[in-house]
Amino acid sequence: MRGALRVGSAFFAATAVALAAAGCGGGGQDPSVVRASWGDPQNPVEPANTTDVQGGKVLDLAFRGLKRYNPRTAVAENMVAESVESPDARNFTVKIKPGWSFSNGEKVTARSFVDAWNYGALVSNRQLGAPFFSYVEGYEDVHPEGAGAKPAARTMRGLKVEDELTFTVRLNQKFGLWPEMLGYNAFLPLPRQFFTDHDAWLAKPVGNGPYAVQSYAKGGIMRLRRWKGYPGPDKAENGGVDLQVYTDNDTAYTDLMAGNLDLVDDVPASQLKHVQKDLRGRYINQPAGIIQTLSFPMYDKDWAKPGVEKVRRGISMAINRPAITRQIFRGTRTPATDWTAMALGEHGGYQAGLCGTACTYDPAAARKLVEEGGGIPGGSMKVTYNADTGSHKLWVDALCNSVNRALGRHVCDGSPMGTFADYRSKVSAKKMSGPFRAGWQMDYPLIQTFLQSQYFTGASSNDSGWSNKEFDGLVSRANAESDVRRVNDTYHRAERILAREMPAIPLWYQNGSGGYADRVEHVALNPFSVPVYDQITIKD
Amino acid sequence: MGRYVIRRLLQMVPVFIGATFLIFVMVYALGDPVAALSGDRAPDPATAAQIRRELHLDEPLWQQYLQYMGQIFTGNFGTTFDGLQVLDKMGTAFPVTLRLTAVAIVAEIVVGVTLGVLSGLRRGRLLDTGVLVLTLVVVSVPTFVSGYVLQYLLGVKWGWVTPAVPIGAPLDALLLPGCVLALVSLAYVTRLTRTSIAENARADYVRTAVAKGLPRRRIVVRHLLRNSLIPVVTFIGADIGSLMGGAVVTERIFNVHGVGYELYQGIVRQNSPTVVGFVTVLVIVFLLANLIVDLLYAVLDPRIRYA
Amino acid sequence: MPEHERPEPFRTAGSGTPLPAVEAETMGGLAGPPEVPGAPGAPQGSGVQPAAGRARSLWSDAWHDLRRNPVFLVSGLLIVFFVLIAVWPSLLTSTDPLDCDITLSQEGSRAGHPFGFDTQGCDVFARTVYGARASVAVGVCATAGAALLGGVLGGLAGFFGGWWDALLSRIADMFFAIPMLLGGLVFLSVVPSGSVWPVVGFIVLLGWPQLARIARGSVLTVKQADFVQAARALGAGNTRLLLRHLAPNAVAPVIVVATIALGTYIALEATLSYLGVGLKPPTVSWGIDISEASKQIRNAPHMLLWPAGALSLTVLAFIMLGDAVRDALDPKLR
């Protein structure tokens, strides 16, 4: 037995020595490089195939498009583009600035864009961002709608290369604000290598941005280094960025506190209560273009009955948004007063208060409205959400508690589902029988991305199945305008219809939250909650 | 003995086929992977159909299974939906988890058996009660909490260890996660050893040994421990497999890109090639571990014979 | 090695004078009706008088011992207490565990709310009391199910060996291989009720192979013991061998693993609920509250303390019960 004990103590001694050794490790890191947290992108980081934030980070580092959204104001500004002009809101001429090139030396030309866009739209390339090209004439030929249909063409006839630095785009309908979309990832240019040696490109993407990919270990780490020959105006202020995949946000946060990481761009909710103390002010919490809503199944007879809009409005008024955003989210959400997002900015069409009293907590009025509307259909409701992503359980439970208290009866319970995929399948198949959670992140800073995609009759993400002629008419009218102010005004009129009918209850706008190490400065998040990597500087 | 081993190895074939088919059916039953691929935005039907065709998801289940098994026998575990060889993924994940499991098992054996022997010999004493309290704590405090608290204290507050395991997962960085992973099993091992020791301490052969005047250490290690280990070995053998595949929480907390993490990702994203591939290897690990345990029975207790 | 010889204190306190002839009972049990328990030194009491001509079995012996074991009595009382509040939670609290005021989120204790509030502003005391029902039901039923199924199948596999062993063991291997997460998502998402029974069923399905292996290993060793060989030589049938000789001698490891498993099963329920496939609101359980509290450990440790404490106490009760039962069944202690 003493032998066993000796082995035991030897084991502990070895452990202690090894632990001490591990603590002293971590040398050999280039000090000018920013170490940032990352999540594994769901798809290969092809521009038109990247719809998630994680892949978006890489594209934002290694690519520049025709336009770029200002990291502070979200306004689309020319980057590679010299000009994008149209006489009639339908035929656009795109001129490219000379002198741009990819980090492998290849010039960025009109063809770099046209080829990339045709690739992204072609159905057999199965790019998830293909619908972004749906305004271009000829899209339906390369991307026929029916499942399994063969494309009739391989390129869109609306795209024409005029000369090395000019190409024209003809849309299939009037869309005055179309150029504002061009800052989105799907519209980035691609070098020839992408088409000639696709696997090599995937293993080490080549772009035209301020950083070049040095190495990429999938599922582990992507090392990007400052590209010295970058011709653009926004050169990198640091030596490079290492994107490190973490298995969990909490772990990344812990590693930040331990000094092994310089930047996390998503502080987990459970850490928010003490984040100020932990990081002593090195904490960012700023609006991002994301809104969370509670959608109703408007395809369900009971929920769609005339008069039930009063119930829906009543439920909205029974939700104590300020208390929930304060206690559950610790101020990283802002109570919503319309169906877009604060980070959209005034230029993009955000206007506070469009929801009016229907989004203000008022238990008495809520009770009265629900009663007038005939009570909750079926007597009680289940709020469906998926349990595997985000911490939806926390806020759904809080929301139900708030509704139950306000209405004075137990009518609301959360109903989790195992996987996001299962949840999405049920939602898109329109099989919900009660309210369900929904979230929308803007792709580009236009009010259209929020309203048309979710509430226009038959739109691809109109999950509640709501349909309103008046609303549709206003949206179509707004899209045909070229003047930003008139576009936004028309959309605001459409939003007032949402306030009356309440097919989805606006809950809160989501903020981006991040923390950073003592050794870096000038850290900010853009309105898409992606860190502005190129502006980060290292303290010396 | 040789024939027994061969028979056991042959038994692996039906188990292997049965288990892979079971997993295949289950992943299939999870639902549509295309929905998992495309985030909050519903994919347009044409793109979705294209993806399904390329991944053979539009074919009947049995056809997909046969295709998959055909691939496996040529050494190809398929490609994940995000375009990576499953074999490559396993090549990076399994060694990491193997190291983690090794740390955990060593901790279980060394600490668990030692504590078990000590408390078994001193039933009802302070040490025994202490071990009982430890067991209760380990069982009722989730791994998440113990892992997180240890990570915070050792990694952040005192700075003894790197709180997150770096890419490549060197052994020294896996010591803390390994010990955290071992915690719950430690409770089992300790109490199993304790009970066995307490039971056997009163057996004839121990009395005889004492009467013969053998040194105390020799009695405990050679006679008592050896005869008390069978339940412990059984437990540890079964535990190897569950530690390898089930370390989801520990691997997440400590940033270990191992089997549990990949399996979790694969399941949540419904990446069937990943899930089936990983589980297939896990089944083999299970079968081998159990075979070794059965052979160890004969070593520990010579009366057990295999024809 | 003096302490090996010494009967341990729990026992001494429990059954008065420990009986000397240690192995006699076992051997006697093989040879015929045992006379040993009635022998001198047996504690006096109403249940003790051996009925003329009727031999007491090992099991009734065990029961007799148990009733006098304070460990058993304490654990029994604890278990009765937990079952009681599981059935009538309103005995202990009049607060509604579902009436939660978000503005009280994570507040500490105050008058009428001795354990404080959780993140949602629910009363932690009320939730701990009301959580007993689901948690005790899941823990006890799942453990009983898994231990019975696993114990019986594993025991038979170990006893009969051969193809029977091969078949049962390989089936267990296959069940082992199913990742808990995958199994939970597949099996539990098709039963939408969110009630306790599917969860219990699933845990049994997942848990039995472990107990089967333990039981099989244990039976394999005991099978080789001299008294079993002797009984077999004396012509004891399989049933008699299994019930009278193997079961009581091989059950100890199964009891040990099962009592700890009880705690882990209650925690497993939490994992399943966390994954969205276990218990669903408005069901309250310790598991759900513990997993919620886990993430708030730096913010509000009191949220974890109480449900986890209740869980510990339950596990303690069952570990003590298991110990007492094991001791009572161990002939060497008699």
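Chains as they are written, first to last, in this note's numbering: chain A, 1 to 540; chain P, 1001 to 1307; chain W, 2001 to 2334.
For every residue, glycine included, the Cβ atom is placed at its ideal position computed from N, Cα and C.
Remember, predicted model here, so these are calculated numbers, not experimental data.
TODO: Please decide whether W:M2174 counts as near chain P, where near means a Cβ-Cβ distance under 7 Å.
DONE: Stepping through the third sequence from its first residue, residue 2174 of chain W is reached at position 174. Cβ-Cβ to chain P under 7 Å: yes for W:M2174.
TODO: Closer than 7 Å, Cβ to Cβ, to anything on chain A: give me those residues from the stretch 2289-2318 of chain W, in chain order.
DONE: K2295, Q2296, R2298 and N2299
Open item on the list: With DSSP as the reference, identify every bridge partner of A:L171, one or two as the case may be.
Closed with: Start at 1 with the first residue of the first sequence, and residue 171 of chain A comes out as number 171. For A:L171, which the question treats as bridged, DSSP gives the partners A:V136.
- [ ] On a CA-only basis, which of A:M417, A:M342 and A:D88 is nearest A:A396? Give me that one, please.
- [x] Locating residue 396 of chain A in the first sequence gives position 396, counting from the first residue. Residue identity check: residue 396 of chain A is Val in the sequence provided, not Ala. Minimum Cα distance to A:V396 is reached at A:M417.
Task: Which residues DSSP lists as bridging P:N1271, in chain order - done: Translated into positions along the second sequence, residue 1271 of chain P becomes position 271. The partner list for P:N1271 (beta bridge, DSSP) is empty, contrary to what the question assumes.
- [ ] Classify A:N249 as helix, strand or coil using the three-state DSSP reduction.
- [x] Looking up residue 249 of chain A in the first sequence gives position 249. In the structure shown, A:N249 sits in a helix (DSSP, three-state: H, G or I).
Open item on the list: Please list the terminal residues of the continuous alpha helix (DSSP H) segment that includes W:G2210.
Closed with: In the third sequence, residue 2210 of chain W corresponds to position 210, counting from 1. First, the residue type needs correcting, since residue 2210 of chain W is Gln and not Gly in the sequence shown. Where W:Q2210 is concerned, the enclosing alpha helix (DSSP H) stretches over V2196 to K2223.
- [ ] Please go through the same chain and pick out, in chain order, the residues whose beta-carbon is closer than 6 Å to the beta-carbon of W:D2118, but skip the five residues on each side of it.
- [x] Within the third sequence, residue 2118 of chain W is the residue found at index 118, counting from 1. Scanning its chain for C-beta atoms nearer than 6 Å, with the 5 sequence neighbours on each side dropped, one finds around W:D2118 the residues V2124 and M2303, in chain order.
Open item on the list: Checking 7 Å against the spacing of the C-beta atoms, do A:W100 and A:V80 come in under that value?
Closed with: Start at 1 with the first residue of the first sequence, and residue 100 of chain A comes out as number 100. Start at 1 with the first residue of the first sequence, and residue 80 of chain A comes out as number 80. A contact, by the Cβ cut-off of 7 Å.
TODO: Take P:A1046 as the anchor and find which of A:Q193, A:H143 and A:R485 has the nearest alpha-carbon.
DONE: For the purposes of this step, residue 1046 of chain P is identified with residue 46 of the second sequence, where counting begins at 1. Considering only alpha carbons, the answer is A:H143.
Open item on the list: Our contact map puts P:V1329 next to P:T1080 with C-beta atoms below 8 Å; I'd like the distance itself, whole angstroms only.
Closed with: Here chain P has residues from 1001 to 1307 only, and residue 1329 of chain P is not among them.
Task: Proximity of A:Y69 and A:G183 at Cβ, strictly below 7 Å - done: Counted from its first residue, the first sequence places residue 69 of chain A at position 69. Counted from its first residue, the first sequence places residue 183 of chain A at position 183. Yes; because the gap between Cβ atoms is below 7 Å, this pair is in contact.
- [ ] May I have the straight-line CA-CA distance separating A:G232 from A:P189, to the nearest angstrom?
- [x] Walking along the first sequence from the start, residue 232 of chain A turns up at place 232. Walking along the first sequence from the start, residue 189 of chain A turns up at place 189. Going from the Cα of A:G232 to the Cα of A:P189 covers about 15 Å.
Open item on the list: Can you check whether the C-beta of P:S1140 is within less than 7 Å of a C-beta belonging to chain W?
Closed with: Looking up residue 1140 of chain P in the second sequence gives position 140. Output row for P:S1140: interface = yes.
Open item on the list: Looking only at its chain, what residues have a beta carbon closer than 6 Å to the beta carbon of W:G2207, apart from the 5 residues adjacent to it on each side?
Closed with: Sequence index remark: in the third sequence, residue 2207 of chain W carries index 207 (1-based). Hits under 6 Å: A2146.
- [ ] Could you check if A:L224 is buried or exposed, using at least 16 other CB atoms within 10 Å of its CB as the buried criterion?
- [x] Residue numbering aside, residue 224 of chain A sits at position 224 when the first sequence is read from its first letter. By the neighbour-count rule (16 or more Cβ atoms within 10 Å), A:L224 is buried.
Open item on the list: Does the CB of A:S529 have a neighbour CB from chain P at under 7 Å?
Closed with: For the purposes of this step, residue 529 of chain A is taken as residue 529 along the first sequence, with counting starting at 1. Using a Cβ-Cβ cut-off of 7 Å, A:S529 does not count as an interface residue toward chain P, since no Cβ of chain P sits closer than that to its own.
Open item on the list: Taking 6 Å as the cut-off, is the beta-carbon of P:L1171 closer than that to any non-hydrogen atom of the ligand NAD?
Closed with: Among the components of this structure there are no ligands whatsoever, and the ligand NAD is therefore not found.
Open item on the list: I need the DSSP call for A:C359, collapsed to helix, strand or coil.
Closed with: Residue mapping note: residue 359 of chain A aligns to position 359 of the first sequence, counting from 1. Residue state, collapsed to three classes: helix.
- [ ] Could you tell me whether the Cβ atoms of W:T2143 and W:A2261 are closer together than 7 Å?
- [x] For the purposes of this step, residue 2143 of chain W is taken as the residue at position 143 of the third sequence. For the purposes of this step, residue 2261 of chain W is taken as the residue at position 261 of the third sequence. Cβ atoms of W:T2143 and W:A2261: closer than 7 Å.
TODO: Assign W:R2326 to one of three DSSP states: helix, strand, or coil.
DONE: The residue given as residue 2326 of chain W occupies position 326 in the third sequence. In this structure, W:R2326 counts as helix in the three-state DSSP scheme.
- [ ] Sort W:N2069, W:R2110, W:A2132 and W:L2077 by Cα distance to W:L2091 and report the nearest one.
- [x] As a working note, residue 2091 of chain W is residue 91 in the third sequence. Minimum Cα distance to W:L2091 is reached at W:A2132.
TODO: Using the Cα positions of P:S1140 and W:V2129, report the straight-line distance between them to the nearest angstrom.
DONE: Against the second sequence, residue 1140 of chain P aligns to sequence position 140. Against the third sequence, residue 2129 of chain W aligns to sequence position 129. Rounded to whole angstroms, P:S1140 to W:V2129 spans 16 Å at the Cα level.
- [ ] Pick helix, strand or coil for A:Y444, following the three-state DSSP scheme.
- [x] Counting from 1 along the first sequence, the entry for residue 444 of chain A is found at position 444. The answer is coil: DSSP assigns A:Y444 none of H, G, I, E or B.
Task: Neighbour list for P:D1301 in chain W, Cβ cutoff strictly below 9 Å - done: Translated into positions along the second sequence, residue 1301 of chain P becomes position 301. Under the 9 Å cutoff, chain W gives L2220, T2221 and Q2224.
Task: W:D2123 - DSSP class collapsed to helix/strand/coil - done: Within the third sequence, numbered from 1, the residue matching residue 2123 of chain W stands at position 123. Note: W:D2123 maps to strand in three-state DSSP.
Task: Contact with chain A by W:T2103, beta-carbon distance below 7 Å - done: Position 103 of the third sequence holds residue 2103 of chain W. W:T2103 counts as touching chain A.
Task: Proximity to P:V1232 [Cα-Cα], best of P:G1260, P:N1290, P:P1033 and P:V1027 - done: Here residue 1232 of chain P refers to the residue found at position 232 of the second sequence. The candidate whose alpha carbon is nearest that of P:V1232 is P:N1290.
Task: Exposed unless 16 or more other CB atoms sit within 10 angstroms - verdict on W:Q2210 - done: Walking along the third sequence from the start, residue 2210 of chain W turns up at place 210. It is buried - the Cβ of W:Q2210 has at least 16 other Cβ atoms within 10 Å.
Open item on the list: Between W:L2181 and chain P, is the shortest Cβ-Cβ distance under 7 Å, so that the two count as touching?
Closed with: Counted from its first residue, the third sequence places residue 2181 of chain W at position 181. For W:L2181, the answer is yes, since a Cβ of chain P falls inside 7 Å of its Cβ.
Task: Coarse secondary structure for W:F2117, derived from DSSP in three states - done: Numbered from 1 along the third sequence, position 117 holds the residue referred to as residue 2117 of chain W. W:F2117: strand per DSSP, three-state reduction.
Task: CB contact below 7 Å: A:K393 versus chain P - done: What you label residue 393 of chain A is simply residue 393 of the first sequence in a count that begins at 1. Chain P contact via Cβ: absent.
Open item on the list: For A:M317, report the span of its alpha helix (DSSP H) as first-last.
Closed with: Reading the first sequence from its first residue, position 317 is the one you call residue 317 of chain A. For A:M317, the enclosing alpha helix (DSSP H) begins and ends at V308 to M317.
Open item on the list: Could you tell me the alpha carbon to alpha carbon distance between P:A1203 and W:L2153, rounded to whole angstroms?
Closed with: In the second sequence, residue 1203 of chain P corresponds to position 203, counting from 1. In the third sequence, residue 2153 of chain W corresponds to position 153, counting from 1. About 28 Å.
- [ ] Name, going along the chain, the residues of the stretch 413-430 of chain A whose beta-carbon falls closer than 7 Å to a beta-carbon of chain P.
- [x] T419, F420, A421, D422, R424, S425 and S428
- [ ] Go through its chain and collect everything with a Cβ distance to A:Q214's Cβ below 7 Å, but skip five positions before and after it.
- [x] Your numbering for residue 214 of chain A matches position 214 in the first sequence. So the list reads R223, L224 and R225, once near-sequence residues are dropped.
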